[in-house]
């Protein structure tokens, strides 16, 4: 091991700084709160090219699409809550807005032991809460303990499980938190011991569940500690008002360590859950950013220069019920998967640039671990028919065979789901001559049926929790909570375990690809259809907003320039 | 009359109790629960959450707990909105819905009554026919079509009024389009009922004798025909007011108004049991009150009802 990741980052940063230095004008240097210029170099590329922004009012009004259920970073679970957490809180590390690679946050630096099992974070000396009090390593200890305690109800507690003892502590098998691999030798040092090497651990450290919460305030006010009259936070912004159904507003946190980096002086998040209305308000200039669009108007919206669409760490696929005929036979599942033409669906139904996919895992860039999907099996109607015939079913072009049983495709009620389902079902009818009935239910009924595997085929989706293929692959282990197909394969289970113990990056990626191959080339418990895109609209005046696969947009790098 | 009112008032809590019980049973019978999500919740966390909200108890026990809390005026915590109780959500959202409904009611009366009266007086005229065509349109085009059309016309194209949003009762321009959208079908109903009611009495004996005594046509209509002619309208107002105050959920969604109607629908889809029960009770109480008031108003206007 020549260089540790943190050192490597510094080295890269230095190179980037040297490359960029000539193009920067005097006076553009970012606030140098960090004593080592090289460590700050990555940020140089994120600064405004000139002072023109200073002439524009620095206010950002965006649609956050619904009322948040809470602003507590440990308890929140939705995308829209996470958008607000990025303003209010900051973990030990933060995301690079372009690549999502880990950047210093509350920790100014970190070291990783050669065996990759121990991470030692050094908190910056000016780490502080929004009330001005110092933020220490003990704050992280207490916050992580709270997130792990089952009674807290943190549904993303599993993001902490790579830490030694964390899962046992959550499940009550380990009563003493001192035995969990987190310690604070002094106020500025946090040492974390993992149960096994975890290449994406720094990405998890930036995730909201691992953001610090002010435990004294939490203990005093319970669930209401996040209300404007109580909240104490540590991110670039503080909560200045929460007017339910109308707006949540943020202003810069004067005690944020990188205060000089924060340019937008007022952020307004609106909770409008009607995409058509949000779109109208965007056209009317009342919203600067809508992170979603009314899909029925996609043709019109695509002509608007403010429209954007880029790949997202999300996949749309169908689950098969592997516990009963006809889909307890992998050949039948494969026949259904290779009978459809995915491009027709992405180009004529979805239309926003979704990627037709015969694989499950969205690509992950080299900055964040790197993963390249496997090929999957391309459409092949002839082979699909042959497979059905080989299973004893009647198929076009093949004589004999019993008629294929009537089956149902379950999806939750939505115009988009319905259109995709209709297209897929008609392709199945054309290719295989099978009749598939559509069954749509409202959301909770759908979830309940999916969980009980009370379906033949079920519309599904998955959005990655972190930048690693593992978030798409470990869920298919036997009886995994998110498996929901009844599919079970001993080799798969064993390989998932191996991938989690493998310390060598290349070998590990090879195992992960082997796993994906089992899913989409051999066993087909699922049928991949497409990789999501993020689609929305952004006014040109909003700058410093970068596209990335997780749709995360830290506000401290943004500015308004008319 | 007094006994009648008393009987209705005494019946109200019973009706609400039946309503609450049916809602409770239906809610718990519906598939899925408040903590089901696309990402399966882990068993330990789910157990802790169920315990926190007493969902670990048997349904009959939960029902008794609900009744006990209700007797103290406590509707419990929301399972979804972690920072608010159901009481707070209702206190926060109900006034907005009531205000929107009240403005819409005034609009519906202000548009519907004159249109109906003029239609009856000038029966068969161009005015009469065109208002009846408009009424049919107002009744048959659903608010989720009318609302966006009005927003497009007056908001985006003409720029006269805000497209959507709500800035409180002190910013009335934001209320015009939603209140109008909500009012249109009711204005149409009122115009039709008013016209029909008035036509029925305009040739009645007492109106004819008033006319024979030489009263002016305006006085005849306003003083003698109108009170009796408006009986169908008053009868309609009970359910109409209840609907205006509670049925604005589509309008609340189109114009993004933070009212209780949306909470009601969302609480059901979220399986937020306590919020469902709370909103059902509030709406039930409003419907009962409006119907009682309408009956009383009929009694005041129509001596025949008073005999009951």
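Residue numbers (the numbering used here), protein chains in the order written: chain A, 1 to 562; chain B, 1 to 308. Built from N, CA and C at the ideal position, the CB exists for glycine as well. All values reported here derive from a predicted model rather than from experimental measurement.
Looking at the DSSP output, residue 527 of chain A bridges to A/318. Bounds of the beta strand (DSSP E) holding residue 59 of chain A are 59-63. Residue nearest to residue 131 of chain B within the set B/142, B/143, B/144 and B/187 is B/187 (criterion: CA-CA distance).
Residue 167 of chain B sits in coil when the DSSP states are folded into three classes, being neither helix nor strand. Beta-carbon to beta-carbon, residue 274 of chain A and residue 256 of chain B are separated by about 6 Å, close enough to satisfy the 8 Å threshold. The residues 538, 553 and 558, in chain order, have a CB closer than 7 Å to that of residue 545 of chain A in the same chain once the five nearest residues on each side in sequence are set aside. Residue 316 of chain A and residue 378 of chain A have their alpha carbons spaced roughly 17 Å apart.
Bounds of the alpha helix (DSSP H) holding residue 301 of chain B are 273-301. Between the alpha carbons of residue 248 of chain B and residue 7 of chain B lies a distance of about 30 Å. Sequence-distant Cβ neighbours of residue 224 of chain B in its own chain, meaning closer than 7 Å and more than five residues away, are 206, 207 and 210.
Beyond the five residues adjoining it in sequence on each side, residue 251 of chain A comes within less than 7 Å, by CB distance, of 237, 238, 240, 265 and 266 in the same chain, given in chain order. Close partners of residue 155 of chain B in chain A (Cβ separation under 8 Å): 280 and 284. DSSP, read as helix, strand or coil, puts residue 229 of chain A in coil. Nearest to residue 434 of chain A by alpha-carbon distance, out of A/395, A/401, A/449 and A/451, is A/395. With the criterion set as a beta carbon lying under 9 Å from some beta carbon of chain A, the members of the stretch 19-33 of chain B are 30, 31, 32 and 33, in sequence order.
Of the candidates A/550, A/535, A/503 and A/477, A/477 places its Cα closest to the Cα of residue 516 of chain A. Between the beta-carbon of residue 274 of chain B and that of residue 79 of chain B there is about 7 Å, and that keeps the pair under the 8 Å contact cut. Each residue's CA atom was taken as its position, placing residue 93 of chain B and residue 260 of chain B some 5 Å apart.
Interface criterion met: the Cβ of residue 277 of chain A is under 8 Å from a Cβ in chain B. Taking one beta carbon from each stretch, the stretch 189-198 of chain A and the stretch 101-118 of chain A have 3 or more pairs nearer than 8 Å; the two touch. By the criterion of a C-beta distance shorter than 6 Å, residue 443 of chain A is surrounded in its chain by 412, once the five residues flanking it on both sides are discounted.
DSSP lists A/320 and A/409 as the beta-bridge partner residues of residue 457 of chain A. Going by beta carbons, residue 84 of chain A and residue 105 of chain A fall outside the 8 Å limit. The C-beta of residue 269 of chain B comes closer than 8 Å to at least one C-beta of chain A.
Non-local C-beta neighbours of residue 143 of chain B in its own chain, meaning closer than 8 Å and more than five positions away in sequence, comprise 181, 182, 184, 185, 250, 251 and 254, ordered along the chain. Within its own chain, the residues whose Cβ lies closer than 6 Å to the Cβ of residue 290 of chain A, once the five positions on either side in sequence are excluded, are 63, 278, 282, 536 and 537, listed in chain order. At least one CB of chain A lies nearer than 8 Å to the CB of residue 36 of chain B. Looking only at B/31, B/55, B/77 and B/193, the smallest Cα-Cα distance to residue 111 of chain B is reached by B/193. The three-state reading of DSSP puts residue 263 of chain A in coil, since its state is none of H, G, I, E or B. DSSP places residue 240 of chain A in the strand class (E or B) of the three-state scheme. Interface annotation, residue 39 of chain B: in contact with chain A, CB-CB separation under 8 Å. Interface with chain A (8 Å Cβ-Cβ cutoff): residue 254 of chain B is included. The beta carbons of residue 67 of chain A and residue 271 of chain A sit about 4 Å from each other, so the pair counts as a contact at 8 Å.
When beta bridges are read from the DSSP output, residue 398 of chain A appears opposite A/395.
Residue burial is scored here from C-beta neighbours: residue 225 of chain A has at least 16 other C-beta atoms within 10 angstroms and is therefore classed as buried. With contacts defined by Cβ atoms closer than 8 Å, residue 525 of chain A and residue 360 of chain A do not form a contacting pair.
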